[in-house]
Amino acid sequence: MKQQQKDRAGAAAAQWRQEKPDWDLLPMELFGRISEASNVIRSRHIEPLFAAFGLQGGEFDVLATLRRSGCNEAGLYALTPSQMYDATMISSGGMTNRLDRLEKAGLVERMANPKDRRGTIVALTDKGLALVEQVTERHLANETRLLSALSQTEQQLLNELMAKLLMGVEQMDGPDV
1442 MKQQQKDRAG AAAAQWRQEK PDWDLLPMEL FGRISEASNV IRSRHIEPLF
1492 AAFGLQGGEF DVLATLRRSG CNEAGLYALT PSQMYDATMI SSGGMTNRLD
1542 RLEKAGLVER MANPKDRRGT IVALTDKGLA LVEQVTERHL ANETRLLSAL
1592 SQTEQQLLNE LMAKLLMGVE QMDGPDV
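Numbering follows the working numbering, with no gaps: position 162 of the sequence shown is 1603.
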């Protein structure tokens, strides 16, 4: 039996409207819905898919980053650790932990960087390549299913609006206090 989803943001805004009818609560309601949609999608639909393949979301991000980077001249899907930090936006410590787990599972390997004797590169193994392609295909199908409540036109509009919102907020300073 499917769980009835509550509109928590709408309910909170309705309560505030009763208490403060002169306040414009659309921003609070909208950000509440964005946050809740993100939490529900990630916890109920995306993380369980990754877990079915023995991965955590961050580990999938590492594998996907390597795969989408394309093959290098040696025929490897590989990046330096600093390229990995830049592409995934996580700390070097967090990246090291993920790489340790993925290497232990045989999905990536660390090797000497042929362009820098002091450095290393991280490359997908054949097992890692096969897994990331399988998971990514299922992940895309899952995301398509999750968006099916919206028409193709609505999906495109939402995509454009979210890109515009993100660009705008990235240019702003911290909170206006």
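Beta carbons are placed, not taken as given, at the ideal position from N, Cα and C, and that holds for glycine.
For clarity, every value in this text was computed on a predicted model and none was experimentally measured.
According to the neighbour-count rule (16 or more other Cβ atoms, all chains shown, within 10 Å of its Cβ), is residue i buried or exposed?
{"i": "residue 1449", "result": "exposed"}
{"i": "residue 1442", "result": "The predicted model places residue 1442 with a pLDDT of 47, which falls under 50 and marks its position as unreliable, so this point remains unresolved."}
{"i": "residue 1497", "result": "exposed"}
{"i": "residue 1565", "result": "buried"}
{"i": "residue 1447", "result": "exposed"}
{"i": "residue 1481", "result": "exposed"}
{"i": "residue 1618", "result": "exposed"}
{"i": "residue 1615", "result": "exposed"}
{"i": "residue 1455", "result": "exposed"}
{"i": "residue 1611", "result": "exposed"}
{"i": "residue 1516", "result": "exposed"}
{"i": "residue 1569", "result": "buried"}
{"i": "residue 1479", "result": "exposed"}
For residue i versus residue j, is the C-beta distance shorter than 8 Å?
{"i": "residue 1548", "j": "residue 1572", "result": "yes"}
{"i": "residue 1583", "j": "residue 1486", "result": "yes"}
{"i": "residue 1477", "j": "residue 1451", "result": "no"}
{"i": "residue 1499", "j": "residue 1539", "result": "yes"}
{"i": "residue 1579", "j": "residue 1507", "result": "no"}
{"i": "residue 1466", "j": "residue 1474", "result": "no"}
{"i": "residue 1536", "j": "residue 1552", "result": "no"}
Give the C-beta separation of residue i and residue j to the nearest angstrom, bearing in mind that I take them to be a contact with Cβ-Cβ under 8 Å.
{"i": "residue 1513", "j": "residue 1519", "result": "6 Å"}
{"i": "residue 1529", "j": "residue 1503", "result": "6 Å"}
{"i": "residue 1585", "j": "residue 1554", "result": "Not quite, the Cβ-Cβ distance comes to about 38 Å (not below 8 Å), so this is no contact."}
From the DSSP secondary-structure annotation, give me the bridge partner or partners of residue i.
{"i": "residue 1490", "result": "Partner(s): none; residue 1490 has no beta bridge."}
{"i": "residue 1561", "result": "1553"}
{"i": "residue 1519", "result": "1564"}
Say whether chain D places a C-beta atom closer than 8 Å to the C-beta of residue i.
{"i": "residue 1502", "result": "This model lacks chain D altogether, as it is built from one protein chain only."}
Shorter than 7 Å, the distance from the beta carbon of residue i to the closest heavy atom of the ligand ADP, or not?
{"i": "residue 1613", "result": "Judged by which ligands are present, the structure shown has none, so any question about the ligand ADP falls away."}
Subject >> Touch test, the stretch 1487-1503 against the stretch 1538-1556, Cβ-Cβ under 8 Å, three pairs minimum >> reply: yes
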